[in-house]
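Residue 36 in full-length UniProt numbering sits at position 36 of the sequence shown; the count goes up by one each step and never skips.
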Amino acid sequence: MGIVRRSKSPWSSPLHIVPKPDGKWRPCGDYRRLNASTEDDRYPLPHIQDFNNHLAGCRVFSKIDLIIGYHQIPMAASSIEKTAVVTPFGLWEFL
Numbered sequence: 001m002g003i004v005r006r007s008k009s010p011w012s013s014p015l016h017i018v019p020k021p022d023g024k025w026r027p028c029g030d031y032r033r034l035n036a037s038t039e040d041d042r043y044p045l046p047h048i049q050d051f052n053n054h055l056a057g058c059r060v061f062s063k064i065d066l067i068i069g070y071h072q073i074p075m076a077a078s079s080i081e082k083t084a085v086v087t088p089f090g091l092w093e094f095l
């Protein structure tokens, strides 16, 4: 599927397996240390109430359904190495 590949990244984060609501398991990178060193988003999402006020009176709306959006938006090439996670099978990075 082209979601992950082996990595030689100087970055690495631990990998945890967490339960999903349906009882299955999901691999999840623990990026808390990486997040602590990132810059804040210059264009954060608006608060929902502000957004609703902005849409008042509009007649045409558009939406995108990302309910199953995992791995649908490609990672910026310059950020791929930062997604590396350590597993018992080696170092892997997300694309």
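Note that CB positions come from ideal geometry on N, CA and C, so glycine has one too.
This one's a predicted model, so the numbers in the text were calculated from it and none came from an experiment.
*Quick one: Cα of Y31 to Cα of D50, how far?*
A direct Cα-Cα distance of roughly 30 Å separates Y31 from D50.
*Cβ separation of R5 and E93, assumed to be a contact under 8 Å, to the nearest whole Å*: Cβ-Cβ separation between R5 and E93: approximately 6 Å, consistent with a contact (criterion under 8 Å).
*Could you have a look at S79 and say whether DSSP puts it in helix, strand or coil?*
Of the three classes helix, strand and coil, the one that applies to S79 here is helix, per DSSP.
*Taking just the CA atoms, how far does S12 sit from T83?*
As the crow flies, the alpha-carbon of T83 is around 7 Å from that of S12.
*Applying the criterion that 16 or more other CB atoms from any shown protein chain within 10 Å of the CB defines a buried residue, is S7 buried or exposed?*
Under this definition S7 is a buried residue.
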